[in-house]
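Student: Residue numbers (the working numbering), protein chains in the order written: chain E, 12 to 268; chain X, 2 to 15.
Here's a structure for you.
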Amino acid sequence: MLELRLVQGSLLKKVLESIKDLVNDANFDCSSSGFSLQAMDSSHVALVALLLRSEGFEHYRCDRNMSMGMNLGNMSKMLRCAGNDDIITIKADDGSDTVTFMFESPTQDKISDFEMKLMDIDSEHLGIPEAEYQSIVTMPSAEFARICKDLSGIGDTVVISVTKEGVKFSTRGDIGTANIVCRQNTTVDKPEEATVINMSEPVSLTFALRYMNSFTKATTLSNTVTISLSSELPVVVEYKIAEMGYIRFYLAPKIEE
Amino acid sequence: KGVQLNITEFFRSA
């Protein structure tokens, strides 16, 4: 038996909107510690890891570990039927081939339930090693989204370079080149407006902008984004989910031919 | 424009 009641149902709606175009089908894993997902995009270039900790739910019952295969497009269609202020409860019985999403309006005057068919998904679960990153940049998520969108009008790839001067986003295309440098800026009124660079070694890596732009659909989940870079590793683009967990996108770099 | 690496080249099957 599984029953998860999320008062801030909009978080789940936003999570789905941010991953449904990247991943078609995924297994949601439910254990006593939380509700999580790990899935690769169909070309195995990017990976998304989601964690919603059990403490973030108003009510969290998961009698035994469960893995529920869902089509994210279909799940998104159902969650779109929930109001932004609705409380969302996810329910499933042991061994059932369906999951139920229940939506309650804040005033309890409208209660809906949607039952969705589960599917068997044979997905490869990858071990993500703990890593010390050479450069970690935290910046306003809206600023990062703006940069990715702007650069994708000019080129297909972005070179992210971190030095002690700042973080530089560069692209090159048929019409010309672009460089955007964000300097460390911690003297702002609000902490979420700061750009903070923690660098142990300078790093420069190239990534496909198409994926970066897809990751920025999670911008609504957090005011800040953390970009972790190491020369030998995929980049991690992390959006914290208030008091609940995170959504992390891993993207393999492009290398010179 | 460079070779796109796969994520599976970095993370092993768990």
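All C-beta atoms, glycine included, are put in the ideal place defined by N, C-alpha and C.
Identify, in the order they occur along the chain, each residue of the same chain with its Cβ nearer than 8 Å to the Cβ of E/Gly331, setting aside the five sequence neighbours on each side.
Tutor: No information on residue 331 of chain E is available, as it lies outside the stretch 12 to 268 that chain E covers here.
Student: Which two residues bound the contiguous alpha helix (DSSP H) that contains E/Arg221?
Tutor: Taken as a continuous stretch (DSSP letters only), the alpha helix (DSSP H) holding E/Arg221 covers 220-226.
Student: Smallest Cα separation from E/Ser44: which of E/Gln119, E/Phe155, E/Ser65, E/Asn190?
Tutor: Closest by alpha carbon: E/Ser65.
Student: Please classify E/Met12 as buried or exposed, where buried requires at least 16 neighbouring CB atoms within 10 angstroms.
Tutor: So E/Met12 ends up on the exposed side.
Student: I'd like the span of the beta strand (DSSP E) that includes E/Ser181, first residue to last.
Tutor: It spans 177-184 - the beta strand (DSSP E) in which E/Ser181 sits, taken as one unbroken run.
Student: Rounding to the nearest angstrom, what Cα-Cα distance links E/Gly184 and E/Glu176 in this structure?
Tutor: Their Cα atoms are separated by approximately 25 Å.
Student: Using the rule of at least 16 other Cβ atoms within 10 Å of the residue's Cβ for burial, across every protein chain shown, is E/Ile186 buried or exposed?
Tutor: Answer is exposed; the Cβ neighbour count stays below 16.
Student: Start and end of the alpha helix (DSSP H) containing E/Ser21?
Tutor: Looking at the DSSP string, the run of the alpha helix (DSSP H) that includes E/Ser21 is 21-30.
Student: Could you check where the alpha helix (DSSP H) with E/Phe155 kicks off and where it finishes?
Tutor: From DSSP, the alpha helix (DSSP H) with E/Phe155 extends over 152-163.
Student: Assuming E/Asn85 is part of the alpha helix (DSSP H), what are its boundary residues?
Tutor: Segment 83-90, the alpha helix (DSSP H) holding E/Asn85.
Student: Leaving out five residues before and five after E/Lys25 in sequence, what residues of the same chain have Cβ atoms less than 6 Å from its Cβ?
Tutor: The residues are Thr231, Leu232.
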